[in-house]
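Numbering (the UniProt record's numbering), first residue to last: 1 to 308.
Before any comments, here is the structure.
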C-alpha cells in the first residue's frame, strides 16, 4: 500500500498495464517544456517573418498592399490544407512535422536569395506569392500534427505550445527591429533578418528532434513500433456522430472564434502597416513609424495571451 505515496517519475516500464496512458501524464521537465515553447515559436514564425519585413516589400512593390494579399493567400492555403488532410488518410505526425519545418525553411531560403536573383519585380512578386502559398500548405501539415503530438503528453505541454505560438510574431518583430538598427541599408538589414529567420527554423527543428529523444517521449516510439500503420485517432464503429447536431450546439462559439480570427487577421499586419505617418515625421524614413506600431501591437498581444 506504499505505492500510492510514491512520487510520479519520468519513466514507466513498458510492461506495466496502461503504460502509454500513464506516460501522457508524467512530470513535464523544464527541458521538455522549453523545447515545446520553441516548437510553438517555429510553427507560425516563418509567415510572421514575412509580415515583419513589410518595409522591404513596400520598397519592392510600392503600388501594392502586399501584406493584405499575403495574409489572405496564406490563411486560405493553410485552412484548405487542414481541411483536405482531415478528409484523407492518416499520416504519422513525425513526418508531417519534419516535412512542415523543412518546407518552411526552403521557402524562407528562396526569399533570402531574392536580393541576388536579379529578376524583374513582377516575376519576384509572383514567386513571393507562390512561396507564401507553398508555406501555407506545409504549415497546414504542421497544424494538426503538432496538436496530435501534444495529445501524447500532459496538458502542460499544450500550454507550452500555445505560449510559443504567441511569441512567434513577437520574435519576428524583435528580429526586424534589431536588424534595422544594425544596418541602415534596407537590403543588408533584410538579408541579416532572413538569415536569422533561417537559423530560428533550424533551432526549432533541433528542439523537436531533441524532444523526441527525451525519456518523456519514450512511449510515443513504443506505440509507433507496436502499431506502425495505426492512425492517430481511430473511429469506433459503434459511435455515430451527427455533425448537424454538433453544429447546433457549438455554432455560436464557432462564430465567435471565426470573427475573432477574421478581425485579428485583418488587423495584423495589413491595417497597421497601412497607417500613414502625419505627425512623427522623423520616424517616416525607413518605415520606422509602422515598425514601431507592429512592435507595440505584438507586445500587448503577448501580454493579453498571458491574461486570458
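Ideal Cβ positions, reconstructed from N, Cα and C, are used throughout, including at glycine.
State the DSSP-derived secondary structure class of residue 63, mapped to helix, strand or coil.
coil
Per-residue DSSP class, three states only, for residue 126:
helix
Inter-residue spacing [alpha-carbon to alpha-carbon] between residue 130 and residue 27
43 Å
On the criterion of 16 or more Cβ atoms from any shown chain inside 10 Å, does residue 260 qualify as buried, or is it exposed?
exposed
Write down every uninterrupted run of the alpha helix (DSSP H) in the stretch 50-117 whose length is 4 residues or greater and which is fully enclosed by it, in chain order.
54-60, 66-87, 93-112 and 114-117
With a threshold of 8 Å on Cβ separation, who are the neighbours of residue 192 within its own chain once the five nearest residues in sequence on each side are excluded?
179, 182 and 183
Cβ shell of residue 31 (< 8 Å), same chain only, five flanking positions each side left out
214
Quick one: does the C-beta of residue 130 sit closer than 7 Å to a heavy atom of the ligand NAD?
This structure lacks the ligand NAD; in fact it carries no ligand of any kind.
Neighbourhood of residue 277 by C-beta, 8 Å cutoff - its chain only, sequence neighbours within 5 removed
283, 284, 289 and 290
Buried or exposed (CB count within 10 angstroms, at least 16 for buried), residue 254
exposed
Sorted by chain position, which residues of the same chain lie with C-beta nearer than 6 Å to residue 205's C-beta, five sequence neighbours on each side aside?
101
Considering just the uninterrupted stretch of the alpha helix (DSSP H) at residue 188, what are its terminal residues?
186-212
Inter-residue CB distance, residue 97 and residue 142 (contact presumed, cutoff 8 Å):
6 Å
Shortest alpha-carbon distance to residue 72 belongs to which of 132, 163 and 287?
132
Measuring CA to CA, which of 170, 270, 297 and 281 is closest to residue 67?
270
Around the Cβ of residue 300, are there at least 16 other Cβ atoms within 10 angstroms (buried) or fewer (exposed)?
exposed
Could you check the C-alpha separation between residue 228 and residue 203 for me, to the nearest Å?
At residue 228, the pLDDT of 48 sits below 50, so the modelled position is not reliable; the number obtained from the coordinates is stated separately. Each residue's Cα considered, the two are about 28 Å apart.
For residue 108 and residue 245, what's the separation of their Cα atoms in angstroms?
43 Å
Could you compute how far the alpha carbon of residue 151 sits from the alpha carbon of residue 79?
21 Å
Going by C-alpha distance, which of 306, 296, 307 and 197 is nearest residue 53?
197
Using DSSP with H/G/I as helix, E/B as strand and the rest coil, what is residue 260?
helix
Taking the straight line between their C-alpha atoms, what separation do you get for residue 309 and residue 106?
In the structure as shown, the chain begins at 1 and stops at 308. Residue 309 is therefore absent and cannot be evaluated.
Can you tell me where the alpha helix (DSSP H) with residue 155 in it begins and where it stops?
155-182
For residue 55, count neighbouring C-beta atoms within 10 Å of its own C-beta (all shown protein chains included) and say buried if the count is 16 or more, exposed if not.
buried
Short Cβ contact (8 Å threshold) for residue 194 with residue 145
no
Rounded separation between residue 201 and residue 33 - CA only:
18 Å
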